[in-house]
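Numbering (full-length UniProt numbering), first residue to last: 1 to 156.
What follows is a short report on a single structure.
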Amino acid sequence: MIFRPMEVKNLKKGKWIDVEIAEGDVRVLRRNYCGVYELFSKDNPRKVEYFNDLQLFKIRYGTLVKKFPLINISKQRFDIYIVAEKLDLPSLLKWFSNYGEVKLKKSINIDSERIDYYTWSSYSDVCTCEFQIVTSSEGYTINISKEPFEKIKKVS
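Below, the structure is given as structure tokens:
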């Protein structure tokens with residue numbers, strides 16, 4: 001039986017099901033014995049996408065795109081990118097400020113584009129992350145650092 005992403009309720013450890021991500025794109029969703037969900041193609045089982053929570057899988061591949069609690073934006077950056085495509089810039093910054101403190105570090109104007117450098121400190125987790133927003137006449141693009149601010153090594 002093939003499920004849609006929003007139809008998946010729960011998987012016991014060691015079990016797997018077939019999930020149709022997109023039209024004709026059927027993949028295997030498996031829960032390993034550590035409780036982590038693994039999503040991979042039957043053709044290429046080496047390329048695996050991991051999810052700590054089934055809810056993160058549904059946010060990423062489900063038809064419902066909704067905001068979710070932010071804990072560490074460096075770890076959640078791929079899911080944030082999907083939601084950010086549907087939000088305008090003020091809504092995105094408000095969403096970030098609901099779960100942490102957003103500080104504008106500096107702004108740079110290059111030609112017709114503006115680059116804003118921000119830091120985000122989580123209220124629930126002890127982490128500070130950096131992100132940049134490039135604003136142009138066509139819209140905006142967000143870039144979130146891969147590592148939290150504390151782990152980035154500064155060269156002196």
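Where is the CB? At the ideal position from N, CA and C, for every residue including glycine.
Is the segment 130-142 in contact with the segment 109-117, if contact means three or more CB pairs nearer than 8 angstroms?
-> Short answer: they touch.
Ser-121 to Lys-15, Cα distance in whole Å?
-> The straight-line gap from Cα to Cα measures roughly 37 angstroms.
Is Ser-137 helix, strand or coil when you go by DSSP?
-> DSSP places Ser-137 in the coil class of the three-state scheme, outside both helix and strand.
Measuring alpha carbon to alpha carbon, tell me which of Cys-34, Tyr-81, Lys-9 and Leu-54 ends up nearest Ile-144.
-> Nearest of Cys-34, Tyr-81, Lys-9 and Leu-54 to Ile-144, Cα basis: Tyr-81.
Give a yes or no on whether the C-beta atoms belonging to Asn-10 and Leu-54 are separated by under 9 angstroms.
-> Against a cut-off of 9 angstroms, the Cβ pair of Leu-54 and Asn-10 comes out as a contact.
What first and last residue would you give for the alpha helix (DSSP H) that runs through Asp-79?
-> Where Asp-79 is concerned, the enclosing alpha helix (DSSP H) stretches over 77-84.
Taking the alpha-carbon positions, what's the Thr-128 to Asn-72 distance?
-> One C-alpha to the other measures close to 8 angstroms.
Where do the N-terminal and C-terminal ends of the alpha helix (DSSP H) with Asn-98 fall, by residue?
-> It spans 89-99 - the alpha helix (DSSP H) in which Asn-98 sits, taken as one unbroken run.
Please name the residue or residues paired with Tyr-28 in a DSSP beta bridge.
-> Inspection of the sequence shows that residue 28 is occupied by Val rather than by Tyr. Note: Val-28 sits in a beta bridge opposite Asp-18 and Phe-40.
For Phe-57, the first and last residue of its enclosing alpha helix (DSSP H) = Residue range 54-61 is occupied by the alpha helix (DSSP H) that includes Phe-57.
Who are Ser-107's beta bridge partners in DSSP?
-> Among the bridge pairs identified by DSSP, Ser-107 is matched with Asp-116.
Euclidean distance between Cα positions of residue 158 and Gly-35 | Examination of residue 158 is not possible in this model, given that the chain is present from 1 through 156 alone.
Using three-state DSSP, classify Glu-23 as helix, strand or coil.
-> Three-state result, Glu-23: coil.
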